[in-house]
Amino acid sequence: MKKILITGFEPFGGHTRNASWEAVQGLPDCLGEIAVFKKQLPVEYDRVANCLKQLLEEIKPDAVICVGQAAGRSTITPEKIAINWKSGKISDNAGVKYRGTPICEGPDAYFSSLPVEMIVSNLQNAGIPAAVSYTAGTYVCNCAMYCLLRLLKSTPVKGGFLHVPYTCEQAASINAPSLPLSMLTHALEIAIQTIFN
Ligand code: PCA
6 MKKILITGFE PFGGHTRNAS WEAVQGLPDC LGEIAVFKKQ LPVEYDRVAN
56 CLKQLLEEIK PDAVICVGQA AGRSTITPEK IAINWKSGKI SDNAGVKYRG
106 TPICEGPDAY FSSLPVEMIV SNLQNAGIPA AVSYTAGTYV CNCAMYCLLR
156 LLKSTPVKGG FLHVPYTCEQ AASINAPSLP LSMLTHALEI AIQTIFN
């Protein structure tokens with residue numbers, strides 16, 4: 006049986022919900038022959054790498070997808086690249102704010118080792134709006150993706166990041182793009198199946 010670790014983030018920025026965690030929570034524990042380990046990550050630059058490291062040691066997955074919420078995006082966006090930079094307009098959940106500094110010593114960037122183009126075409130073929138993204142931003146999601154890929158380098162474990170829009174429920178009273186929660190969860194199932202096919 007193969008194992009996938011899939012993470013979502015806790016709410017941040019004054020919100021009470023995070024679409025990424027809601028979508029991850031909706032996944033079954035098993036998808037055919039794939040065991041699905043669902044975990045929540047903190048929205049904290051300085052804790053996210055250690056949390057991922059512990060989860061990798063505990064679960065020993067064959068692949069990892071970190072999922073985050075991207076307010077303002079209208080499609081599911083697998084991220085192609087993570088950069089070694091942190092900068093955010095808002096503080097993280099520990100009150101930490103970076104104005105532009107490297108995440109750690111390391112290369113400028115890592116490419117996702119997930120089949121991002123294939124994930125996008127499988128999502129589109131299933132009628133789910135999707136596009137490859139070439140920037141995960143410079144906030145905690147990019148930091149998580151960079152740290153994940155750094156932890157996985159020179160291992161056979163595949164890893165990467167996927168941003169999701171708001172759920173319709175979150176966007177009901179604000180003028181922002183959204184997709185139904187059930188569609189977000191279904192998109193994650195397709196992404197997982199694509200990785201192991
Ligand atoms: N989105 C933020 C951090 C947590 C999340 O869900 C981001 O895109 O960086």
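Numbering (the working numbering), first residue to last: 6 to 202. Don't be surprised by glycine CBs; every beta carbon is placed ideally from N, CA and C.
Point to revise | Segments assigned beta strand (DSSP E), at least 3 residues, entirely inside the region 161-200 | key: 163-169, all fully within the region 161-200.
Practice item. Measure the alpha-carbon distance for Q59 versus N89 and round it to whole angstroms. Key: As the crow flies, the alpha-carbon of Q59 is around 21 Å from that of N89.
Practice item. Mind checking who C35 pairs with in its DSSP beta bridge? Key: C35 is bridged by DSSP to A40.
**Study point:** 6 Å CB neighbourhood of S25 in its chain, flanking five on each side removed
**Key:** Correct list, in chain order: G13, F14, V72, G73, Q74 and V169.
**Study point:** Inter-residue CB distance, A49 and L167 (contact presumed, cutoff 8 Å)
**Key:** At residue 49 the sequence reads Glu, which differs from the Ala that was named. Taking C-beta atoms under 8 Å as the contact rule, E49 and L167 fail to qualify, at a distance of about 20 Å.
Review point. Taking one C-beta from the region 149-157 and one from the region 128-139 each time, how about it: are there three or more such pairs within less than 8 Å?
Key: Counting C-beta pairs closer than 8 Å gives fewer than three between the region 149-157 and the region 128-139, which falls short of the contact rule.
Practice item. Can you say whether S138 is buried or exposed, counting buried as having 16 or more other CB atoms within 10 angstroms of its CB? Key: By the beta-carbon neighbour count (other beta carbons within 10 angstroms, threshold 16), S138 is buried.
Exercise for review: Specify the secondary structure class of I81 as computed by DSSP and reduced to three states.
Suggested key: The DSSP-derived three-state label of I81 is strand.
**Study point:** DSSP-derived helix/strand/coil call for K58
**Key:** DSSP places K58 in helix when its eight states are reduced to three.
Check your understanding: Is N147 near the ligand PCA, in the sense that its beta carbon is under 8 Å from a heavy atom of that ligand?
Key -> Indeed, a heavy atom of the ligand PCA lies less than 8 Å from the Cβ.
Review point. Alpha carbon to alpha carbon, how far is K163 from P66?
Key: Between the alpha carbons of K163 and P66 lies a gap of roughly 9 Å.
Review point. Name the DSSP beta bridge partners of F14, please?
Key: Paired residue(s): L46.
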